[in-house]
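Protein chains in written order, with the working numbering: chain W, 634 to 1343; chain Z, 227 to 806.
Set out below in structure tokens:
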């Protein structure tokens, strides 16, 4: 079966509007972020982040030293210890602020969702059918396996599966899409979400989620970050950062005995103060990345949400960045949702008009987009007006899996001759003709092959025992898709087109769209097999799906995006849900995953590279009284030892604030080769990370001097 | 700096580059148990050893069994060397009649030779009998080097293999390292050095009358000199080839019987580095991608060359304070110029700077000049080479496995920078691997800094320092840097044969060797089990110049950042005080 996009792709632009917040953040989010960043100073919550926890301990320590200095027995002037202590506190608060800012956006969205999940009444059925007795209960009393009835105008009380009925449902609360969708029992449209509203008709629904565990609840939790767990890559990075922190901790702790020894052996000066040691430690440990790490992760999730994709875990987003193979359904992803009739090729001796007329008659009752396009083509090209079905005495034969044909049987008034018109795949029509003793003309067979070869689908039309000709049904490859695949190739991602078409048609479309490979005449189990095969070779596979028969493949894929219009089982098997149900979204998901890793990498590099300049600022200042000769290292010409150390600490705190926008927006991703990307990022964040603090610290120093603060 | 000096350095580097590759390929054949031209001679001995040791050479082991074998074997060696020193007075080959060595010194020396450090708190010619030198020192020189090479080979297999459990057999890799690589090379080198004048005998020391009598410190007249001899050549060759560095004589490779001519100096310098650099190509061969070997060797050689040139520059520049006193430090045909204090006239500045850099770049630690007498910057070069973790080129085996840990850290950050879960040669670098890598880069700096801090904070530690000021600090820093990196070279200037330094140093050496070797094997055990991730366009290639540059940057940043404050209080401030 082909996975068809239930939502026309062209609607993407409007549908993403709802959850996408305007770029400017409103004042309320700021206010709450500031308040939250203070409550996060609680050491218990700080422990989650070892780097910032060390800074907080340093802040407490210097505060104690400041209080001691006020009472006259301090190791340095109270204003000096106080200023350093203050900026250390700012460092912690700024880091917390970045996290709360990232969370703030999610919280605003979660609140909008929570409004949809009000406590509703439900008609709990004693028997799973419409006429059965029911009692009114609260939605919180519904348990998995219960059945309830929803009538027009009522809110669906819980997530579930339609077991009876068909209704139009307003799902704008979750998708932002205002046009109602059809939900019916059986098939791929049976899943309903609690909080959505039935507009017409009625549904009998079996509950599939316990209270609080529904889709909307899960979404709210995910967005709020309540269940946010550190991803594997984030943990690995945290280990590296912790190692750096431990190393620098031992550097600073041992510096005290080193300094005492230096004072005794040089016979002059004062040993390094604890305040300066703490300042040095905070400047050296990777506070920039340590402070922003959590915000980067939350922002990655948030970017997904703004693309209307709900990831069930941060792990999935990370995996998206590593995807090697994209399995893309042809229909809806590579080609526009529907094939269009573009031409009629008559059989020898048959007029084009006759073929068009028969084709139109056979398609009048065919509500598929292909059928409609045949009617339209006949009307536009040959002036054949679309006749109303009741005007002609016709009996329509719908498509069935057995005959693999559709058409019409027409018994014109007062005539004996019955017209049996059929359209269908070549072999089906061939069998139909031969069964009646007719002959399938070779010329038609040739045009069939010709059409297949160029990637179109031939549909043969026959009347009684005569073949009238062939309709071209052409797949329209989406504009710009070839360039996107070329980009993906540069990123090292292989694209595989999955199609139910025959191999020759598939070859032609694959060539036109520029995919690397294709799987023709694909059945769902073929897809599962293909995924397993790639995974055995060590590849990470991403796919989209919506049908129940996609669920096994979705569960197997490393990144599985379910369409929101899909079935409950598909949505459960996937690790991401696309509210827009747009299969092209997979490519954006990959980019977001890569952005997430890159943002971490660039800020780590920047953070460590910054240490070089900080050494040049702090080392000469720290030992100014013991070894004045070290002032040769003061290449920034910072005014005094105090201003040098204070400037380094202030720069270290301010850089966190300055990089919050980058952490939230993510590093811009361009699909170029890994070496190009590495060179670019090393130049900007590595070399830049060495140079920037020299300028920044000097500037802070100049300002401090100008303000007479030192 | 002179043309002659640069040419000597250039010839050394060229010879090293040319010889490393063929040796590396040969070593790969040895470790992959492919036929070699040595099989007819060595094969029977090898099989006999396996039969005696009841080792099935075809039975592979996982990382834990290999680590246990390595620890057990090294512990046995340690006990043997300790016992030899304690009981040498009862054993043969003791023409000088040396007594038992003190327990703390024996402990320090036993640990030192088992860990491939070869730190020497003692003077060989006045302490150790010939039997102790041969059965203890020389044997451990072979076995500790072979241990490093075996651990590396196990680690390489961890990278070369995928979805596997076993890394190979420690006993086999160790035996083959010794029989096929270390022994043949040592025999050749020993014979050449004997030809050049290195002694090899069991005689008692020789007395010679001084042409010009002199007075000793107690102002008594000295008319006679005792000249120490012994089985030097056999110990000398492996001391350099195995990056051990423990001299037969106290003066090590500056002693005329250990390195009589510029040619022996050249050969010993080459011997220190040839196996370490060759192993890069062994790696390339075993992972079936020669470019990876070239990349690692390029990164190592760039760091090494830069360090040699800096040391040579600093030593040639001399001391401006002496200039002020009217001492001519200009280089002329009659005057070597620069800083010649503590250097042998037969080697000169270029060879001394080269030797000092190479001996600390590898974990050799032999010396041909007194590092304590180098200019502050010239003396900082050996310190920094060790601070980098001795990864360029490093000890035999241990250098490359240390380098590969840096590669993993570099790959991890680079992977993030290009937006992909990091991978190295088809292995995804995950949380556990980062845990081990982080541990491996963490232990050495912590040990060096902590031990140095204890020494400068305690009276017993401070009492041993001879020089005041920042130089005294450099001396202490050098001791623990050398020991925790299993280098074994000494800055000197500190009386280290005291219980305090013997025991602290012994601990530093044990930590520096086994706390690194065991997590390294654990890392190998994790890598070997991973599924192969085939390279794609999005994979970051690890053989391109950009990656080599990045790797060097990571080594410098991780190595240098930890030690800048300590160096600022030692050589850096000393330098600024000198030029002021």
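Beta carbons: idealized from backbone N, C-alpha and C, even for Gly.
Just the Cα atoms here: how many angstroms apart are residue i and residue j?
i: residue 734 of chain Z; j: residue 332 of chain Z; result: 15 angstroms
i: residue 662 of chain Z; j: residue 847 of chain W; result: 41 angstroms
i: residue 1170 of chain W; j: residue 958 of chain W; result: 11 angstroms
i: residue 364 of chain Z; j: residue 498 of chain Z; result: 16 angstroms
i: residue 670 of chain Z; j: residue 853 of chain W; result: 47 angstroms
i: residue 903 of chain W; j: residue 892 of chain W; result: 9 angstroms
i: residue 352 of chain Z; j: residue 320 of chain Z; result: 11 angstroms
i: residue 739 of chain Z; j: residue 303 of chain Z; result: 14 angstroms
i: residue 309 of chain Z; j: residue 714 of chain Z; result: 21 angstroms
i: residue 1285 of chain W; j: residue 469 of chain Z; result: 43 angstroms
i: residue 724 of chain W; j: residue 515 of chain Z; result: 47 angstroms
i: residue 1191 of chain W; j: residue 1094 of chain W; result: 44 angstroms
i: residue 570 of chain Z; j: residue 577 of chain Z; result: 9 angstroms
i: residue 1109 of chain W; j: residue 1310 of chain W; result: 34 angstroms
i: residue 803 of chain W; j: residue 838 of chain W; result: 16 angstroms
i: residue 206 of chain Z; j: residue 475 of chain Z; result: As displayed, chain Z neither begins before 227 nor continues past 806, which places residue 206 of chain Z out of reach and without an answer.
i: residue 657 of chain W; j: residue 1229 of chain W; result: At residue 657 of chain W the pLDDT is 44, less than 50, meaning the model places this residue with poor confidence; the figure from the coordinates comes in the next sentence. The straight-line gap from Cα to Cα measures roughly 21 angstroms.
i: residue 1345 of chain W; j: residue 908 of chain W; result: The displayed coordinates of chain W run from 634 to 1343. Any statement about residue 1345 of chain W would go beyond what the structure contains.
i: residue 843 of chain W; j: residue 1199 of chain W; result: 20 angstroms
Checking contacts by CB at 7 angstroms: is residue i closer than that to chain W?
i: residue 532 of chain Z; result: no
i: residue 528 of chain Z; result: no
i: residue 760 of chain Z; result: yes
i: residue 750 of chain Z; result: no
i: residue 570 of chain Z; result: no
i: residue 661 of chain Z; result: yes
If we cut at 7 angstroms on Cβ distances, does residue i have a partner in chain Z?
i: residue 1314 of chain W; result: yes
i: residue 1299 of chain W; result: no
i: residue 1233 of chain W; result: yes
i: residue 1115 of chain W; result: no
i: residue 1244 of chain W; result: yes
i: residue 765 of chain W; result: no
i: residue 1252 of chain W; result: yes
i: residue 887 of chain W; result: yes
Less than 8 angstroms between C-beta atoms, sequence neighbours within five positions excluded: which residues of the same chain meet that for residue i?
i: residue 702 of chain Z; result: 678, 681, 682, 687, 691, 720
i: residue 1260 of chain W; result: 895, 899, 902
i: residue 800 of chain Z; result: 602, 695, 696, 697, 700
i: residue 718 of chain Z; result: 596, 597, 598, 701
Looking only at its chain, what residues have a beta carbon closer than 7 angstroms to the beta carbon of residue i, apart from the 5 residues adjacent to it on each side?
i: residue 747 of chain W; result: 853
i: residue 731 of chain W; result: 924, 925, 928, 1289, 1293, 1296
i: residue 534 of chain Z; result: 235, 579, 580, 583
Can you give me the Cβ contacts of residue i inside the same chain, cut-off strictly under 6 angstroms, excluding the 5 residues immediately before and after it?
i: residue 542 of chain Z; result: 227, 564, 575
i: residue 651 of chain Z; result: 385, 513
Within the segment 1081 to 1141 of chain W, ranges of the alpha helix (DSSP H) (whole runs, at least 4 residues): 1114 to 1123
Inside the segment 595 to 648 of chain Z only - alpha helix (DSSP H) runs reaching at least 4 residues: 602 to 613, 624 to 643
Residues from the segment 988 to 1005 of chain W in contact with chain Z, defined by Cβ distance under 9 angstroms: none
Completely contained alpha helix (DSSP H) runs for the segment 239 to 322 of chain Z, where each covers 4 or more residues: 265 to 279, 289 to 312
Near-chain Z residues of the segment 953 to 981 of chain W - C-beta to any C-beta below 7 angstroms: 954, 955, 957
Contact set between the segment 1205 to 1237 of chain W and chain Z, restricted to residues whose Cβ is under 9 angstroms from the partner: 1224, 1226, 1227, 1228, 1229, 1230, 1231, 1232, 1233, 1234, 1235, 1237
Chain-ordered residues of the segment 636 to 651 of chain Z with a beta carbon less than 8 angstroms from chain W: 638, 639, 640, 641, 642, 643, 644, 645, 646, 647
Inside the segment 855 to 940 of chain W only - alpha helix (DSSP H) runs reaching at least 4 residues: 865 to 899, 907 to 917, 920 to 939
Chain-ordered residues of the segment 1283 to 1294 of chain W with a beta carbon less than 7 angstroms from chain Z: none
Positions along the segment 246 to 272 of chain Z whose CB lies within less than 8 angstroms of some CB in chain W: none
Selection of the segment 706 to 738 of chain Z by Cβ proximity to chain W, strictly under 8 angstroms: none
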